[in-house]
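Shown next, in structure tokens, is the structure this report addresses.
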Amino acid sequence: MGKVSIALRGWRFDEDDVFTDEGELRPLDEMDTDTRERIVRLSVVAGQPCDACWLIHGDANIEQCNVARIVYGEPLHEVVLCADHEPDFLYWFRERGGADLTNRPSEFEDDFYAWFDDGNRAPEDYGGMEYVNTDPDDVPRPQPDVDMPTLEEELAKLDDEDLDALDVDLDDLDIDDPDDGDDDVPDDSRLGDLDV
Ligand SMILES: [Zn+2]
């Protein structure tokens, strides 16, 4: 059973949990709760600015923020990052205590933001040795291709209460279109067991 990322790199799903044999997204109510929450949150955070960029530029200069390509953390306490700032996150996670907070989701995100906002960064070229991201702007693509309209349809079927709990604004779905897919998504399987 393969692991796949959808829309953003980072969170990984068992392929069979999220796709039918035909490669269609499964109905959300057939997914287990954790998977469903992550899929729904992906529909919210995909297309949003990198959190680290935002800490630097703020709403006033939001256009200077890179679009996030990677998601870590737990649903509703996600940290979303661009490729430029992923090394900072990984350094914080591995070397500055982030890994100890994986069971405390809100502290997890807050601690990273505080650490980053204090001006802390990964050492130069940290992370480059982990894997090479050949093109920072390469959009991580769904594998197999996700028909995101299907996701919107599925979201429409969910109870409003569920959607409220996950902070979904159906009018604000902003999901990157998968373009012609090749398979060159970096292998981040090492992070899979972080469950971040
Ligand atoms: Zn960034």
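Residue 142 in numbering that gives the first Met the number 0 sits at position 143 of the sequence shown, and the numbers go up by one each step. Glycine included, each C-beta is placed from N, C-alpha and C at the ideal position.
Alpha-carbon to alpha-carbon, D28 and Q47: 26 Å
Roughly how many angstroms separate the alpha carbons of R35 and G22, rounded to a whole number? 17 Å
How would the residue list near ligand 1 read, in chain order, if you kept each one whose beta-carbon is closer than 7 Å to any heavy atom? C49, A51, C52, C64, N65, L80, C81, D83, H84
Please state whether DSSP places D117 in a helix, a strand or coil. coil
Backbone secondary structure at E73 - three-state DSSP: strand
Beta-carbon separation of L165 and D116 under 7 Å? no
Should S42 go down as buried or exposed, given a rule of 16 or more other Cβ atoms within 10 Å for buried? buried
Grouping DSSP H, G and I as helix and E and B as strand, with all else coil, what is G46? coil
Beta-carbon proximity list for L100, same chain, < 7 Å, skipping 5 on both sides: E106, F107, D110
Helix, strand or coil: which one does DSSP assign to L24? strand
What did DSSP end up calling L7 once you bin it into helix, strand or coil? strand
In terms of residue numbering, what span does the alpha helix (DSSP H) encompassing V17 cover? 14 to 17
Test item: CB-CB of A51 and L80 under 7 Å: yes
Cβ neighbours of P26 in the same chain (closer than 7 Å, five flanking residues each side left out): E153
Beta-carbon proximity list for C64, same chain, < 7 Å, skipping 5 on both sides: P48, C49, C52, W53, H56
CB of P104 within 7 Å of CB of H84, strictly: no
F12 versus N60: straight-line alpha-carbon distance, rounded: 34 Å
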